[in-house]
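First to last, the protein sequences are chains A and B. Residues 5 to 207 (this note's numbering) are what the first sequence spells out, left to right. Residues 5 to 207 (this note's numbering) are what the second sequence spells out, left to right. Note that CB positions come from ideal geometry on N, CA and C, so glycine has one too.
Protein chains: 2
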Amino acid sequence: MTTAAKPYRVAARELLRDTLLDAARELLGDRPWAQISMAEVARAAGVSRQTLYKEFGSRDEFAQAFVIREGARFLDAVERAIELHLDDPCAAVAAGLEVFLSAAAEDPLVALLLDDDGTGGMLPLITTQSRPVLVWASARLGEAMRSGWPHASDEDVELLADTFVRLAISYVTMPRDSPAAAAAAAAELLAPYLERAMGQSGT
Amino acid sequence: MTTAAKPYRVAARELLRDTLLDAARELLGDRPWAQISMAEVARAAGVSRQTLYKEFGSRDEFAQAFVIREGARFLDAVERAIELHLDDPCAAVAAGLEVFLSAAAEDPLVALLLDDDGTGGMLPLITTQSRPVLVWASARLGEAMRSGWPHASDEDVELLADTFVRLAISYVTMPRDSPAAAAAAAAELLAPYLERAMGQSGT
DNA sequence: TGCTTGACAGATCTGCTACAGTTGTAAACT
DNA sequence: AGTTTACAACTGTAGCAGATCTGTCAAGCA
C-alpha cells in the first residue's frame, strides 16, 4: 500500500492535469483563449475552480502548461521519427523536422494560436516569452538525442536541440515553401555538423 | 541635365523617405508606435500628410519600411563584420551575428519593439508577419555573401542567409546567455557546413 | 509638375460612467 | 482531499458623446 500510494497520487495528479488541459483544448475549438475563463475550464473538466488553481498556480501558468502539453504531442512524433533513423542523424533531423512542421501545419489549434495577435492570447508564449517552451522542448529533445547517440558530446547535443527548436518555431511562425522543403533545407544545413558530431567519431 | 535629372529624383525620393523615417524614429523615443499618428510623423518631418501617404501607401507599409530601414543599420554592420573575415567564413558568420546581437541588445528601439505586445504595434512585423523583413534581409545578406565568396553555390548562399536571419531573429526575441555566446554557438554549428560550402572547394 | 492645403466619409480611438465578470486567495464545509 | 461560499482587487463590457485618425479626394499654389 505504501509503495502504491505514491504512484497513485502521481497518477491522480496527472489525470487531473490531463482532464483540465483537455477541457481547455475543447473550449479552444470555438473561442480564442482570451475569451475563456478559468471557471469555464474547471466546469468543462467537472472540477471546481479552486482545484484548477491549486494544480496550476495562475491563468498564465495554465496557458504555459497547455502550450507545453500540446507541444508534447508534436515532440512525441518528432522523437518517434528520430528513433526510426538512429543510424543516420541527418535523416533523423530531416524526418523529425518534417513531421513536426507537417503536423503543425495541419493542426487547427496551431492556426488559431498564430492569428491570436492581441494581448491575452497565447501567441507570446511561442514568440517573445517562449523561454519556458524553448528550454523544455530543448531539454526533452536533447534527452532523446543523447540516448539515441550516446557518443555525442553534451555540448553538441544541447546546441543541436536548441537550434532545432529555434528553427522549428521559426518555420512554424513564418513558413517556408512547404514543410518538406523547410525540413530538407535545414537538414542539409545541419548535415555536415551532424556528420562530425554524431558520426562514428567515437573511434 | 537629362542625365542628372533621374539621379536627382531618386536622391530626392530617398531624402524624403529618410526624413520621414527619421522623424518616426524620433517620435518612437517617447511613445509606442500605436500612439503615433501619421499626421505627427508628417509634421515632425516638415512634410504634408499626403506626401507621406504618396510615398508610403499606408500606415502598415510605413511601419514595414521603418522596420526594414532600422534593420538596414544592423545589416550594414553585419556586412562590414563579414567583409573583415572574407578569408574565414566561419569567423565571418560568428562576427556578423555577434555584431548584430550586441547592437540589437543595446538599441533602445529594439527593446521598445519587443515589449510592444498589443495589436497595432510593430512586433508582429518580426514575428508572425515577418515574411517581408525575412526575404529582404535574406536577399541583402545573400548578395553580400555571394560577392564575398564567389565560388559558393547560390543554393548554399540562400540557405545560409535564410538560416542566419531566422536564427538572428530568434536570438533577439528570445536571447541566449549573451550575444557573444549565442553567436559563438551558432557559428560552431554552422562551421562544418561553411567549410564544405564556402571553403576552397572550387578546385 | 510637385507639393500643400482643405475637405470628406468611414472607421477607430478617447474619456467617461456604470455594471458584470474574472482573478486569485482564504475561509468554512462535506 | 475536494467542494462550496465569500471576498477585494482587478479587468472587461456596454453605452454614448466627442475627438481623432485613416485613406482618398479635388482645388490651390510654387
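Within chain B, the residues that residue i reaches when beta carbons sit closer than 8 Å
i: A/Arg35; result: None at all; the shortest Cβ gap to chain B is about 18 Å.
i: A/Arg122; result: Just to set this straight, residue 122 of chain A is Gly in the shown sequence, not Arg. Going along chain B in sequence order, the residues near A/Gly122 (Cβ under 8 Å) are Gly122, Thr123.
i: A/Arg200; result: Pro196
Residues of its chain near residue i, where Cβ-Cβ distance is below 7 Å and the 5 sequence neighbours each way are ignored
i: A/Arg73; result: Leu25
i: B/Glu83; result: Ala148
i: A/Val103; result: Ala81, Val82, Ala85
i: A/Arg53; result: Met42, Ala43, Ala46
i: A/Phe78; result: Phe104, Ala107, Ala108
i: A/Phe70; result: Leu25, Ala28
i: B/Thr167; result: none
i: B/Ala9; result: For B/Ala9, the predicted structure reports a pLDDT of 49, less than 50, and the residue's modelled location is therefore unreliable. A value from the coordinates is still provided. No residues qualify anywhere along the chain.
i: B/Met178; result: none
i: A/Ala141; result: Gly75, Leu79, Val169
i: B/Glu159; result: none
Chain-order list of residues whose beta-carbon lies under 8 Å from that of residue i (same chain, five-residue window excluded)
i: A/Gln242; result: There is simply no residue 242 of chain A to check, as chain A begins at 5 and stops at 207 in what is shown.
i: B/Ala143; result: Ala165
i: A/Ala16; result: none
i: B/Thr7; result: With a pLDDT of only 42 at B/Thr7, under the threshold of 50, the placement of this residue in the model should not be trusted, and no figure is reported.
i: B/Ser134; result: Pro128, Ile173
i: A/Arg63; result: Met42
i: B/Val14; result: none
i: A/Asp120; result: Pro36, Trp37, Ala38, Met126, Leu127
i: B/Leu19; result: none
i: B/Val51; result: Leu20, Thr23, Leu24
Neighbourhood of residue i by C-beta distance below 6 Å, restricted to the same chain and skipping five residues each side
i: B/Glu87; result: none
i: A/Arg40; result: The sequence shown places Ile at residue 40 of chain A, not Arg. Excluding residues within five positions, the ones whose Cβ falls inside 6 Å are Leu31.
i: B/Asp111; result: none
i: A/Asp34; result: none
i: A/Val114; result: Ala108
i: B/Phe66; result: Phe60
i: A/Leu163; result: none
i: A/Ala2; result: Outside the modelled stretch of chain A, which goes from 5 to 207, sits residue 2 of chain A, for which no answer is possible.
i: A/Gly203; result: none
8 Å Cβ cutoff met for residue i and residue j
i: A/Leu101; j: A/Ala190; result: yes
i: B/Ala46; j: B/Leu32; result: no
i: A/Leu193; j: A/Cys94; result: no
i: B/Ala48; j: B/Ala76; result: no
i: A/Met149; j: A/Val139; result: no
i: B/Ala98; j: B/Ala188; result: yes
i: B/Leu145; j: B/Val176; result: no
i: B/Leu116; j: B/Pro183; result: no
i: B/Leu118; j: B/Leu127; result: yes
i: B/Ala38; j: B/Gly124; result: yes
i: A/Ala186; j: A/Arg180; result: yes
i: B/Glu59; j: B/Arg29; result: no
i: B/Ser269; j: A/Ser157; result: With chain B covering 5 to 207 only, the question about residue 269 of chain B has no answer from this structure.
i: B/Pro11; j: A/Pro196; result: no
Within chain B, partners of residue i - CB distance below 7 Å
i: A/Leu138; result: Met178
i: A/Pro154; result: Neighbours of A/Pro154 on chain B: none; closest Cβ ~20 Å, over 7 Å.
i: A/Arg135; result: Met178
Residue i: contacting residues in chain B (beta-carbon distance under 9 Å)
i: A/Glu110; result: Going along chain B, no residue has its Cβ under 9 Å from A/Glu110, so there is no contact; the nearest lies around 18 Å.
i: A/Arg150; result: Those do not exist, as A/Arg150 stays about 17 Å from chain B at its closest Cβ, beyond 9 Å.
i: A/Leu145; result: Those do not exist, as A/Leu145 stays about 15 Å from chain B at its closest Cβ, beyond 9 Å.
7 Å Cβ cut-off: residues of chain A touching residue i
i: B/Ser142; result: What B/Ser142 touches in chain A: nothing, since even the nearest Cβ is about 11 Å away.
i: B/Ala189; result: Leu163
i: B/Pro128; result: Asp121
Chain A contact residues for residue i, given Cβ-Cβ distances below 9 Å
i: B/Leu171; result: Thr167, Arg170, Leu171, Ser174
i: B/Leu118; result: Thr132
Nearest-angstrom beta carbon gap, residue j and residue i [assumed within contact, 8 Å]
i: A/Thr23; j: B/Thr131; result: Not a contact, Cβ separation roughly 32 Å.
i: B/Gly61; j: A/Gly122; result: That belief does not hold up - the Cβ atoms of B/Gly61 and A/Gly122 are roughly 25 Å apart, past 8 Å.
Proximal chain A residues relative to residue i, where beta-carbon distance stays under 8 Å
i: B/Leu193; result: Leu163, Leu164, Thr167, Leu194, Tyr197
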